[in-house]
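S.K.:
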Amino acid sequence: MLIHEDRLFPAEPGARTIARALYTHIKTLPLVSPHGHTQAAWFAKNEPFPDPAKLFVQPDHYVFRMLYSQGVSLEDLEIGQPELKDPRKVWRIFASHYYLFRGTPTRMWLDFAFHELFGLSERLSEATADLYFDTISAKLRAPEFLPRALYKRFNLEVLATTDSPLDSLADHKAIRDSNWKARILPTFRPDPVVDPEFDGFLDNIRLLGEQTGEDTAVWTGYLNALRIARARFHSLGCKATDHGHPTAQTADLSTAEATDLFRRILAGNAVAQQQELFRAQMLTEMAQMSLEDGLVMQIHPGSVRNHNRKLHQLYGRDVGADIPRPTNYVDALRPLLDRFGNERNLTIILFTLDESTYSRELAPLAGHYPCLRLGPPWWFSDSPEGMLRFREQATETAGFYNTVGFNDDTRAFLSIPARHDVARRMDCAFLAKLVAEHRLAEDEAFDVAHALAYDLVKQAYRL
Amino acid sequence: MLIHEDRLFPAEPGARTIARALYTHIKTLPLVSPHGHTQAAWFAKNEPFPDPAKLFVQPDHYVFRMLYSQGVSLEDLEIGQPELKDPRKVWRIFASHYYLFRGTPTRMWLDFAFHELFGLSERLSEATADLYFDTISAKLRAPEFLPRALYKRFNLEVLATTDSPLDSLADHKAIRDSNWKARILPTFRPDPVVDPEFDGFLDNIRLLGEQTGEDTAVWTGYLNALRIARARFHSLGCKATDHGHPTAQTADLSTAEATDLFRRILAGNAVAQQQELFRAQMLTEMAQMSLEDGLVMQIHPGSVRNHNRKLHQLYGRDVGADIPRPTNYVDALRPLLDRFGNERNLTIILFTLDESTYSRELAPLAGHYPCLRLGPPWWFSDSPEGMLRFREQATETAGFYNTVGFNDDTRAFLSIPARHDVARRMDCAFLAKLVAEHRLAEDEAFDVAHALAYDLVKQAYRL
Amino acid sequence: MLIHEDRLFPAEPGARTIARALYTHIKTLPLVSPHGHTQAAWFAKNEPFPDPAKLFVQPDHYVFRMLYSQGVSLEDLEIGQPELKDPRKVWRIFASHYYLFRGTPTRMWLDFAFHELFGLSERLSEATADLYFDTISAKLRAPEFLPRALYKRFNLEVLATTDSPLDSLADHKAIRDSNWKARILPTFRPDPVVDPEFDGFLDNIRLLGEQTGEDTAVWTGYLNALRIARARFHSLGCKATDHGHPTAQTADLSTAEATDLFRRILAGNAVAQQQELFRAQMLTEMAQMSLEDGLVMQIHPGSVRNHNRKLHQLYGRDVGADIPRPTNYVDALRPLLDRFGNERNLTIILFTLDESTYSRELAPLAGHYPCLRLGPPWWFSDSPEGMLRFREQATETAGFYNTVGFNDDTRAFLSIPARHDVARRMDCAFLAKLVAEHRLAEDEAFDVAHALAYDLVKQAYRL
């Protein structure tokens, strides 16, 4: 068997029994996925997923970055190719390097999918590569493996995508207008039109003006255009915005200062400091708009994007070289919090890639400001150990109820059940430890487990 | 039962048995509380404590910040009101939100007090709010709940308060002159007269001059005044000073430079950098004076005070919005250590709110310099997990004997036994793990447990 | 018994059984020590080691810094004296303070050596000081305690020293030319000739020119001289370089810029920023040369050397006051990685003293760039808990195979088996936890344990 029914539970038998009981209580709850990177087109078109290599290896830079780190070439993996010439060969390379993932969450997610979805029970390796390729390929063509069937099988209740303000959302409309009962929601991610360093930023601003009928060459028109774009998302069920800035810096400029800064930015000759200030101001503007339209705000700072210059030049964005850097929240968020920190009708969910901020900054902030909540550990931190560190370091000051449940943040649709399963098991493991050490009563642990798996995410994202 | 006799001990039966044995060995040792924020007036006047809301909710910003973070208004909690209009209503709000504290140390402390002091055994909730209110209110009027009776019941041996150099210490004198046998000691906290950003700083300096008969308008007079104030504290049993600076920065200016800087500071037009330099210099001056008069020096940097601008404006200091920021010790302390680092007759206790410094900076510093000791995890870090992280990350380099036992750092007198109990249990849990993993012999663990609970704090604070 | 056969294994019986089985599988594997500070002269001359005080106390600043931190004077320990006047007295001081090491790795290493090498079974204390002194002194004179005999007894397969480019390597030559079959390898540590702040830097540059016959007064001659020195090391079996810089900063200057910078440096009036830039550039130059000659590059930034000014003045370098500071890798390494990051024939091993970088920067970097590997936790972090933190925080993103096994990094030859033993046990403890929690199959854990103990270090250092 690739996966064990007691996986991730504490080894100590007493605590394990408690963890198992808690998990049994919540394991059939629907999955709520409020933040991720699946594609609405899959569900609009409902076509079969492609072959195993195209499905599991090529789109997932957390899979191929590990292979790359050990000397496998991206050419051999056909990264960046729209069509794979030899998917079986790519799969074999992956299979023969599968041992590299030992001890990583990627390994747990993949084994879960191989076992639960495809019924495979022998470990993936060079020897079983073809068995895997053939088994998975065959199943992917069956009706029960079509995107909509899997959505149902996965027991999904909500699935959010992440979308540019310039996106037509045609696929979301198509889903809405179909007779399929499912909740696939867009998320408003304005980076392309609020980050002056984004590729094609000036063109994006012009396009935003065209799409909204506003004059985005002036500050007020630009803000209006963003409001109109948000309203369009809102009408298709959007519940949240998402902001992937290099830092958590916010600003609170006067209208005159902001107008002037926007003019410089549009002139295209702003220096780095002004670009940073503009992003900072835009977080505060977005908070203002969230207060108006009720969209929940997600801020996830601290990644150096495209760190590997050569790969970025060859392959473009998102080829696996995002590297976290230290992130300050306590000073950076102050301008925004000075204006909106005490608003009870605003929800801002903070994420981090810098775990040293859990106990030092994030838990104290979320344990005080009414508008703040803590997003789950993610990206490089959504491992079993990472989840435990989050609970251990955040709970003591922020409690459980200033957190917002789990999100899978994934492009890999087939890994969604596995990711939620790991998160639920780790929360049960953490709670079981508290119960076993008499730090929490067992009946309360059942309540909390339910909240962490289901209630908190629905409340936080207003679902 | 609200609390279990084996709470906080490891779940694994072998380690639990060891932890229990260690704890039994130390649980009846007297409590030594060398750093805290109780009020000498309680013991001087020995009047009954007020109602439950006024006692447990209103003064404790670590209680009401959690409620506030979840949308409870401070108006409804009557925060900042000298007299509560409706304490029972405040208590009911608190009770109905008590579930928010699940998994936090606050919950453990409160349950301990409810159970051990007030004999309550049902959990606090909306349903039991009135039962709690009535039970506690009745008991607080009984003689055995007067401050002096509780001091004895708590098995306190020493209790230190924290006081401004401008404080008359009248209550401390009254206690000394009474026939009550107890050790309530003042602590010299000079922030009001050494931090140029402190509210009323210039007035404070003038007042210090008047009280000491020195000309505090000049550098040498100012230093003399501080010496005189320290001597006054010393005569009332004071053993330590306490310094709550934004950073750990120290300086070692020449007399000419210091004289000039002091003149600028008094002129009231110093910029932020000069204010920081002044605080930095004053830490070094305080170390010099400690070498002279033997007062132990406590430095606890790294908190952004009054982070929430609106609440600070409405309610003043200490309404729950102190947020830690990253703190550097290795460079910041160097000027002071260059002068006094090798002094064996000086004791400087370092605290932190930035746990990333435990293994990186604090343990290496304390494991080398004769004058340095490490204070316990506190403030946001005095949770069971926080205490474990401290021991795990500090012991390997600094050992046990460069630490100074526990302090409760609390305004909440009734929580003192609970806080010491948690600390003692966690130290026993940590030691039990070392014994169970054959990293420490059991007889040595008994010695260490005793030292951590009692001996080290008495040595470090020269009690 | 001083040491227990199950030491460091998890207390939970199931996990302990797995850990014991894993350890049994690897405990007899040869020790590979690719990075350390033993002296080739010991093996060239093969003379008896001196008395216990000279062997265990005087050379090991991680022993005497603990004593110093608790008020023992360095004079009493005769630190810095070439010959000890009263080694028994020094030993007695050490013995009577041995309790200070409770809970530290130093204690485990020493107990291991006392028990395994010298057959001592009573604990070291004031009472047993003389027994220890006499027993150890007697054994050290026996032939089986000569350096070469111990090398064999320790089951060492490779032992690397650390050497200045100016070192004659006469002892390494003598070993090579002897008929003794052992592998004692030099390591190229160019700090004395690439760090402008190194004592005697300008003299060192001149000496390097004389030794290599190159004109080190010009940039190209200086680089050639370094190439020649590396080749000389290479010819004596050297496999790696080692770089102990204050920061991880790298640079990629043009030849004209580098030439100009070198000229300023040699003029002796460069400011701190230029000195830092020069070190930064030299890391990139060293990477270029490693690509040419195949030497593995070890970078270990982040220590403030000689933090204690007074002790540095009195005793010189390496008297125990190296204190870590925060270290940034993600921005600092970028210039080097922009040039060489994607090279599969280059190996750069990154070390840290700032554990907050494990999950935030180091694991993401090593889990992506083909040239990067992670060195083991060391220096202040090679404790059982420190090793666990490394595995917990690095494995999830970098896996096991981007790490390079253990190195002992020690001057204390007699502690080498103990240090490897602790590392092996902790890796088995970590793996046992993964197996017990069904996160890794048992057969895979055996493979990984073998790799961590033996295979990875040989691969990484090209042995």
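Chains as they are written, first to last, in the numbering used here: chain L, 2 to 464; chain G, 2 to 464; chain E, 2 to 464.
Glycine is no exception: its CB is placed at the ideal position from the N, C-alpha and C atoms.
In this text, all values refer to a predicted model and were calculated from it rather than measured experimentally.
Count the C-beta pairs between the stretch 282-293 of chain G and the stretch 323-342 of chain L that are closer than 8 Å, then say yes if the count reaches three, no if not.
M.R.: no
S.K.: Using a Cβ cut-off of 8 Å, which residues of the stretch 15-28 of chain L contact any Cβ in chain A, in chain order?
M.R.: Any reference to chain A falls outside this structure, whose protein chains are L, G and E.
S.K.: According to the neighbour-count rule (16 or more other Cβ atoms, all chains shown, within 10 Å of its Cβ), is residue 343(G) buried or exposed?
M.R.: Start at 1 with the first residue of the second sequence, and residue 343(G) comes out as number 342. So residue 343(G) counts as buried.
S.K.: For residue 458(G), would you say it is in contact with chain E, using Cβ-to-Cβ distances shorter than 8 Å as the test?
M.R.: Taking the first residue of the second sequence as 1, we reach residue 458(G) at position 457. For residue 458(G), the answer is no, since every Cβ of chain E falls outside 8 Å of its Cβ.
S.K.: Who are the near neighbours of residue 195(E) in its chain, counting only those whose CB is closer than 7 Å to its CB and skipping five residues on each side?
M.R.: Here residue 195(E) is taken as the residue at index 194 of the third sequence, counted from 1. Closer than 7 Å at Cβ, skipping near neighbours: 280 and 283.
S.K.: Let me check one thing: in DSSP terms, what residues is residue 242(L) bridge-paired to?
M.R.: Here residue 242(L) is taken as the residue at index 241 of the first sequence, counted from 1. According to DSSP, residue 242(L) bridges with 189(L) and 298(L).
S.K.: Would a check of beta-carbon distances place residue 376(L) closer than 8 Å to chain E?
M.R.: Translated into the one-based positions of the first sequence, residue 376(L) becomes position 375. Cβ-Cβ to chain E under 8 Å: no for residue 376(L).
S.K.: Mind checking who residue 325(L) pairs with in its DSSP beta bridge?
M.R.: Numbered from its first residue, the first sequence carries residue 325(L) at position 324. DSSP, once it has assigned bridges, lists 304(L) as partnering residue 325(L).
S.K.: Compute the Euclidean distance between the alpha carbons of residue 448(G) and residue 118(E), then round it to the nearest angstrom.
M.R.: Locating residue 448(G) in the second sequence gives position 447, where the first residue counts as 1. Locating residue 118(E) in the third sequence gives position 117, where the first residue counts as 1. Taking the straight line joining both Cα atoms gives about 28 Å.
S.K.: Can you give me the Cβ contacts of residue 382(G) inside the same chain, cut-off strictly under 6 Å, excluding the 5 residues immediately before and after it?
M.R.: Indexing the second sequence from 1 puts residue 382(G) at position 381. Excluding sequence neighbours, residue 382(G) sits near nothing in its chain.
S.K.: To which residues of the same chain is residue 313(L) closer than 8 Å at the C-beta, ignoring the five residues directly before and after it?
M.R.: For the purposes of this step, residue 313(L) is taken as residue 312 along the first sequence, with counting starting at 1. Hits under 8 Å: 307, 320 and 322.
S.K.: Cutting at 6 Å between CB atoms, please list the residues of its own chain near residue 412(L), excluding the five before and the five after it.
M.R.: The residue given as residue 412(L) occupies position 411 in the first sequence. By the criterion of a C-beta distance shorter than 6 Å, residue 412(L) is surrounded in its chain by 38 and 60, once the five residues flanking it on both sides are discounted.
S.K.: Let me check understanding here. Comparing Cα to Cα, which of 131(G), 438(G), 126(G) and 140(G) lies closest to residue 120(G)?
M.R.: Residue numbering aside, residue 120(G) sits at position 119 when the second sequence is read from its first letter. Among 131(G), 438(G), 126(G) and 140(G), the Cα nearest to that of residue 120(G) is on 140(G).
S.K.: In whole angstroms, what separates the C-alpha of residue 217(L) from that of residue 250(G)?
M.R.: Against the first sequence, residue 217(L) aligns to sequence position 216. Against the second sequence, residue 250(G) aligns to sequence position 249. Approximately 47 Å, taken between the alpha carbons.
S.K.: Given a limit of 8 Å on CB to CB distance, which residues of the stretch 299-331 of chain G reach chain L?
M.R.: 305, 308, 309, 310, 311, 312, 321, 322, 323, 324, 325, 326 and 327
S.K.: Can you have a look at residue 474(G) and say buried or exposed, based on whether 16 or more other CB atoms are within 10 angstroms of its CB?
M.R.: This structure does not reach residue 474(G), given that chain G is present from 2 up to 464, and the question cannot be answered.
S.K.: In its own chain, which residues sit with a C-beta less than 8 Å from the C-beta of residue 437(L), not counting the 5 before and 5 after it?
M.R.: Translated into the one-based positions of the first sequence, residue 437(L) becomes position 436. If we look at residue 437(L) and ignore the five residues flanking it on each side, its Cβ neighbours are 11, 13, 15, 16 and 19.
S.K.: Report the residue from 42(L), 337(L) and 291(L) whose alpha carbon sits nearest the alpha carbon of residue 254(L).
M.R.: Within the first sequence, numbered from 1, the residue matching residue 254(L) stands at position 253. Out of 42(L), 337(L) and 291(L), 337(L) has the C-alpha closest to the C-alpha of residue 254(L).
S.K.: Could you spell out where the beta strand (DSSP E) holding residue 350(G) opens and where it closes?
M.R.: The count along the second sequence starts at 1 and reaches residue 350(G) at position 349. Here the beta strand (DSSP E) through residue 350(G) covers 349-351.
S.K.: Going along chain E, which residues have a C-beta under 7 Å from residue 412(L)?
M.R.: The residue labelled residue 412(L) in the question sits at position 411 within the first sequence. Simply none; closest approach about 17 Å.
S.K.: With distances taken Cα to Cα, identify the nearest neighbour of residue 1(L) among 421(L), 402(L), 175(L) and 181(L).
M.R.: This structure does not reach residue 1(L), given that chain L is present from 2 up to 464, and the question cannot be answered.
S.K.: Given this structure, state the Cα-to-Cα distance separating residue 1(G) from residue 114(E), to the nearest angstrom.
M.R.: The structure shown does not extend to residue 1(G), since chain G is modelled only from 2 through 464, so no value can be given for it.
S.K.: Is residue 166(E) closer than 8 Å to residue 189(E) when the C-beta atoms are compared?
M.R.: Counting from one through the third sequence, the residue named residue 189(E) turns up at place 188. Counting from one through the third sequence, the residue named residue 166(E) turns up at place 165. Contact: yes.
S.K.: Rounded to the nearest angstrom, how far is the Cβ of residue 137(G) from that of residue 53(G), given a contact under 8 Å?
M.R.: In the second sequence, counting from the first residue as 1, residue 137(G) sits at position 136. In the second sequence, counting from the first residue as 1, residue 53(G) sits at position 52. Residue 137(G) to residue 53(G), Cβ: 4 Å. Contact.
S.K.: In three-state terms, what does DSSP make of residue 161(G)?
M.R.: Position 160 of the second sequence, counted from the start, is the residue given in the question as residue 161(G). DSSP places residue 161(G) in strand when its eight states are reduced to three.
S.K.: Scan the stretch 339-367 of chain L for residues whose Cβ lies nearer than 8 Å to a Cβ of chain G and list them as they occur along the chain.
M.R.: 339, 342, 343, 345, 357, 360, 361, 362, 364, 365, 366 and 367
S.K.: Would you call the stretch 102-116 of chain E in contact with the stretch 70-88 of chain E, where contact means no fewer than 3 C-beta pairs closer than 8 Å?
M.R.: With the cut-off at 8 Å, the stretch 102-116 of chain E and the stretch 70-88 of chain E do not touch.
S.K.: Which residue marks the beginning of the alpha helix (DSSP H) containing residue 91(E), and which one marks its end?
M.R.: Stepping through the third sequence from its first residue, residue 91(E) is reached at position 90. Bounds of the alpha helix (DSSP H) holding residue 91(E) are 88-97.
S.K.: Is there a Cβ of chain E sitting closer than 8 Å to that of residue 407(G), yes or no?
M.R.: Taking the first residue of the second sequence as position 1, residue 407(G) is located at position 406. Not one chain E Cβ lies under 8 Å of residue 407(G).
S.K.: Shortest alpha-carbon distance to residue 211(L) belongs to which of 229(L), 395(L), 263(L) and 133(L)?
M.R.: Translated into the one-based positions of the first sequence, residue 211(L) becomes position 210. Cα-wise, what sits closest to residue 211(L) is 229(L).
S.K.: Measuring only the C-alpha atoms, how far is residue 25(G) from residue 6(G)?
M.R.: Translated into the one-based positions of the second sequence, residue 25(G) becomes position 24. Translated into the one-based positions of the second sequence, residue 6(G) becomes position 5. Cα-Cα distance, rounded: 11 Å.
S.K.: Report yes or no: is there a C-beta of chain L within less than 8 Å of the C-beta of residue 421(G)?
M.R.: Locating residue 421(G) in the second sequence gives position 420, where the first residue counts as 1. It does not: the Cβ of residue 421(G) has no partner Cβ on chain L nearer than 8 Å.
S.K.: Does the Cβ-Cβ distance between residue 501(G) and residue 368(L) come in under 8 Å?
M.R.: Since the displayed chain G opens at 2 and closes at 464, residue 501(G) lies outside it and no answer follows.
S.K.: For the stretch 347-421 of chain G, list the alpha helix (DSSP H) runs that are entirely contained and at least 4 residues long, ordered along the chain.
M.R.: 364-367 and 385-399
S.K.: Would DSSP call residue 219(G) helix, strand or coil?
M.R.: Mapped onto the second sequence, residue 219(G) falls at position 218. In this structure, residue 219(G) counts as coil in the three-state DSSP scheme.
S.K.: Starting from the C-beta of residue 374(G), find all residues in its chain whose C-beta is less than 8 Å away, skip the five residues before and the five after it, and write them out in chain order.
M.R.: If you number the second sequence from 1, residue 374(G) lands on position 373. Excluding sequence neighbours, residue 374(G) sits near 348, 349, 350, 351, 367, 403, 404, 405 and 461.
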